[in-house]
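The sequence shown begins at 0 in numbering that gives the first Met the number 0 and counts up one residue at a time.
The next block holds one structure in the form of structure tokens; read it before the comments.
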Amino acid sequence: MAHPQAVSIFHGPLMRQAALDSVKKLSPRLMVRNPVMFVVEVGSVLTTLLWLRDLLAPAAGSAAWFSGAVTLWLWFTVLFANFAEALAEGRGKAQAAALRGLRKETMARKLVDGREVATPASDLRKDDVVVVEAGQLIPGDGEVIEGIASVDESAITGESAPVIRESGGDRSAVTGGTKVLSDRLVIRIGVNPGESFLDRMIGLVEGARRQKTPNEIALHVLLCGMTIIFLIACVTLVPFGIYSGLRISVTVIVALLVCLIPTTIGGLLSAIGIAGMDRLIRHNIIPMSGRAVEAAGDVDTILLDKTGTITLGNRMASELVPAPGVTAEALAEAAQLASLADETPEGRSVVVLAKEKFGLRGRDLAHVPATFVPFTAQTRMSGADLDGRSIRKGAADAIHKHVSALGGVMPIEVEQHVTRIAQSGGTPLAVSEGARVLGVIHLKDTVKGGLKERFDKFRSMGLRTVMITGDNPLTAAAIAAEAGVDDFLAQATPEDKLRLIRNEQGKGKLVAMTGDGTNDAPALAQADVAIAMNTGTQAAKEAGNMVDLDSNPTKLLEVVEVGKQLLMTRGCLTTFSIANDVAKYFAIIPALFLAVFPEIAPLDIMRLASPESAILSAVIFNALVIVALIPLALRGVRYRPLGAAALLRRSLLVFGLGGVVAPFVGIKAIDVVLAGLGLT
């Protein structure tokens with residue numbers, strides 16, 4: 000399946016469809032949702048009628064070419080704004096089409112009174128129980144209640160590696176449309192028709208459920224207020240012109256109004272919001288609402304689970320500490336022998352460490368005349384018996400008890416190493432041969448590379464990171480210090496997580512977290528930004544407001560960055576738009592009234608060729624600037640983890656000052672071209 004990020008905004012079919020949709024969006028029923036552009040459309044209709052009047056019944060002093068040119072560019076302004084929104088929606092529709100292709104009508108093996116009954120997947124209801132075996136598609140979203148199997152989820156996540164799904168625990172959720180590769184699963188369907196995860200994904204990426212966020216609504220109110228103010232100001236110019244002896248046509252008033260109201264941000268605002276959701280989708284994260292994306296940009300506290308997020312999740316052998324009188328090579332050889340039959344990541348890491356540090360190559364088990372002792376929860380040891388040697392590896396207290404039973408003792412130096420490793424956040428494993436302790440293996444929960452630098456960046460922005468773990472406080476403190484998080488919550492229970500989130504929110508902060516288990520559901524429901532793992536339980540998915548298809552908890556950091564990029568893009572383009580309007584005001588008004596009021600000559604900085612040229616140049620610039628900003632609105636302003644003050648200065652300098660300068664340069668350039676062509 001094509002990943003969402005594979006759809007480019009410059010994709011030919013996408014551009015053509017967006018152009019067609021921009022015309023369809025001219026319907027007043029759709030345009031009225033965007034009051035700013037609705038005013039522009041009404042103005043375009045009015046100037047169109049005036050142009051037709053000038054063509055059919057020319058009045059004295061009227062110029063049909065002027066009203067026609069203004070009308071043409073006003074319509075272009077509306078179409079370009081619609082094109083930006085259609086282009087943003089188009090990527091979602093292209094992704095939805097790819098997802099819709101995954102839906103296949105399959106026959107499910109429904110269990111009814113212990114018998115299997117062939118039932119179309121579309122007829123399955125919540126709580127129905129079905130059987131799925133190797134090679135068959137899972138007919139609907141649900142929970143595995145019996146069995147364990149390998150499942151191909153590449154159709155949903157894009158990842159080719161199969162995953163394990165089993166009853167109980169945090170890996171019981173399955174998604175309709177995925178394929179069982181091995182064994183047999185008994186699944187309880189968790190949704191009714193039309194409510195599956197795939198259905199929700201299609202609806203979300205199409206944008207059908209995108210609602211305006213609170214900040215977006217507030218900005219809409221501001222833009223509407225500014226539009227009303229400029230509408231009143233432009234209308235009052237008519238009697239003012241009559242009083243001063245200057246005849247101002249309706250076409251000029253409409254053009255002036257369109258240039259002065261915030262058409263730039265009004266035309267791009269919807270596209271910015273849609274593009275923000277699209278950026279998350281291209282990261283394989285499905286946001287359940289635009290509100291969640293925006294909230295991510297305002298997050299103050301980030302809760303991160305230790306295992307799999309901050310650390311790699313598997314403890315790895317990092318050091319071999321021999322006992323007094325034992326060489327490091329002897330300890331490595333014994334530790335390797337005791338780990339040959341240990342298929343856990345920890346056991347394999349011991350074999351790798353012995354090979355890398357001491358050149359001991361792994362032995363072929365088929366050619367080792369040994370009796371291997373598997374690990375059990377009762378003995379908490381594993382090992383091997385060969386050539387009269389009895390080698391054991393396990394928890395320090397278990398080895399202590401083992402050698403004591405054989406008449407040996409645990410050296411005080413070894414006990415000191417065990418204490419040191421435990422206090423540093425590691426896990427000590429002791430190795431013995433017979434009644435003699437050979438030394439200690441240091442298993443370390445490895446912190447992922449690059450996280451410390453990322454946490455430093457978030458700290459510089461005022462974000463607080465908190466690590467959540469079930470480890471004891473000593474271990475948690477050591478890992479938190481190495482990772483560079485601001486705080487940690489050790490021996491965390493679901494109640495502790497919920498209490499922490501509520502405490503942070505009680506201080507007026509927004510909290511983000513990830514989770515995958517049923518025990519995470521209460522905290523996910525409480526958090527402002529909650530990312531549920533796709534591999535997690537149905538309860539976790541329903542509690543979160545985002546779902547990560549790749550089940551990568553570290554994506555929480557990317558979500559925060561995307562959210563901040565959305566807010567920055569909206570803020571920067573709003574700054575540019577308002578600055579634009581101020582500049583256009585000083586460009587047009589002096590050109591209009593200079594002939595009547597020569598006193599305002601010092602304000603006529605641009606020295607435009609004529610009032611008609613001033614109006615037409617401003618209208619053309621107003622339309623073209625929307626086109627120029629469409630890629631930026633869809634791509635987003637580049638995110639930099641700076642402080643709020645630095646971001647504000649950068650926005651004012653680049654987009655505020657740029658918004659003032661750009662119209663002066665652009666309008667003057669267009670005026671020169673129009674004058675050179677003899678049009679004004």
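Backbone N, C-alpha and C fix where the C-beta goes; we use that ideal spot for every residue, glycine too.
Quick caveat, the model's predicted, so the values are computed rather than measured.
Query, Result
"If you compare alpha carbons, which of GLU152, ASP151, ARG164 is closest to ILE144?", "ARG164"
"Taking 8 Å as the CB-CB cut-off, is GLY346 touching chain C?", "As a matter of chain content, chain C is missing from the structure shown, which is built from one protein chain."
"Measure from the alpha carbon of ALA674 to the alpha carbon of each residue in ARG639, LEU615, GLY657, then state which is nearest.", "LEU615"
"Do GLY393 and SER381 come within 8 Å of each other at the CB atom, strictly closer than that value?", "yes"
"So, is THR533 buried or exposed, given that buried needs 16 or more other C-beta atoms within 10 angstroms?", "According to the sequence provided, residue 533 is Asn. The question's Thr does not apply to it. With 16 or more Cβ atoms within 10 Å of its Cβ, ASN533 is classed as buried."
"Please specify which runs of the alpha helix (DSSP H), each continuous and at least 4 residues long, are wholly inside the region 307 to 340, giving them in chain order.", "327 to 338"
"Just mark SER335 as buried or exposed, buried being the case when its beta carbon has 16 or more other beta carbons within 10 Å.", "One point to set straight first is that residue 335 is Gln, not Ser, in the sequence displayed. Burial call: buried."
"For PRO610, tell me which candidate among LEU678, LYS554, ARG314 has the shortest Cα-Cα distance.", "LEU678"
"Assuming ASP527 contacts ALA511 (C-beta within less than 8 Å), just tell me the rounded distance between them.", "7 Å"
"Mapping the DSSP letters down to three states, classify THR464 as helix, strand or coil.", "strand"
"Would LEU19 be called buried (16 or more neighbouring beta carbons within 10 Å of its own) or exposed?", "exposed"
"Just list the beta strand (DSSP E) runs in the region 111 to 150, keeping only unbroken ones of 3 residues or longer that don't cross its boundaries, in chain order.", "114 to 119, 128 to 132, 141 to 145"
"Quick one: complete beta strand (DSSP E) runs, 3+ long, within the region 437 to 488?", "463 to 467, 486 to 488"
"Taking LEU647 as the reference, which of ALA590, GLY113, MET567 has the closest Cα?", "MET567"
"I'd like the list of long-range same chain contacts for ASP363, defined as Cβ closer than 7 Å, with 5 residues on each side in sequence excluded.", "With a pLDDT of only 48 at ASP363, under the threshold of 50, the placement of this residue in the model should not be trusted; the figure read from the coordinates follows. Taken in chain order, the list of residues that qualify is empty."
"What separation, rounded to the nearest whole angstrom, lies between the Cα atoms of ALA270 and VAL128?", "43 Å"
"Check whether the region 27 to 34 and the region 244 to 259 touch, using three or more Cβ-Cβ pairs below 8 Å as the test.", "no"
"Sorted by chain position, which residues of the same chain lie with C-beta nearer than 8 Å to LEU497's C-beta, five sequence neighbours on each side aside?", "PRO521, ALA522, GLN525"
"PHE374 by DSSP, collapsed to three states: which one?", "coil"
"Using a Cβ distance threshold of 8 Å, determine whether the region 318 to 335 contacts the region 565 to 580, with at least three qualifying pairs required.", "no"
"Between GLY562 and VAL220, is the Cβ-Cβ spacing less than 8 Å?", "no"
"Could you give the DSSP three-state label for LEU302: helix, strand or coil?", "strand"
"Would you list the residues sitting across from ASP547 in a DSSP beta bridge?", "ILE284, MET532"
"Label MET36 either buried or exposed according to how many other C-beta atoms from any shown protein chain fall within 10 Å of its C-beta, with 16 as the threshold for buried.", "buried"
"Hey, could you find the ends of the beta strand (DSSP E) GLU165 is sitting in?", "162 to 165"
"Determine the DSSP secondary structure at GLU152, reduced to helix, strand or coil.", "coil"
"Between ARG281 and MET287, what straight-line distance do the alpha-carbon atoms span, to the nearest angstrom?", "14 Å"
"Pull up the DSSP beta-bridge partners for LYS109, would you.", "VAL116, VAL129"
"Secondary structure at ILE186, three-state DSSP: helix, strand or coil?", "strand"
"Does the region 178 to 193 come within contact of the region 132 to 149, defined as at least 3 CB pairs closer than 8 Å?", "yes"
"Please return the same chain residues whose Cβ sits closer than 7 Å to the Cβ of ASN214, not counting the five positions on each side in sequence.", "GLU293"
"Excluding sequence positions up to five away, which residues of its chain have a Cβ less than 7 Å from the Cβ of VAL349?", "ALA316, ALA334, GLN335, SER338, ILE440"
"Is it buried or exposed, GLY358, if we count other Cβ atoms within 10 angstroms and call 16 or more buried?", "exposed"
"Ignore the nearest five residues each way along the sequence and tell me which others in ILE147's own chain have a CB closer than 6 Å to its CB.", "GLU165"
"Let's test the definition: count the other Cβ atoms within 10 Å of the Cβ of GLY42 and tell me whether it reaches 16, buried, or not, exposed.", "buried"
"Have a look at GLN21 and ILE231 and give me their C-alpha separation to the nearest angstrom.", "Reading the sequence as shown, one finds Ser at residue 21 and not Gln. Cα-Cα distance, rounded: 29 Å."
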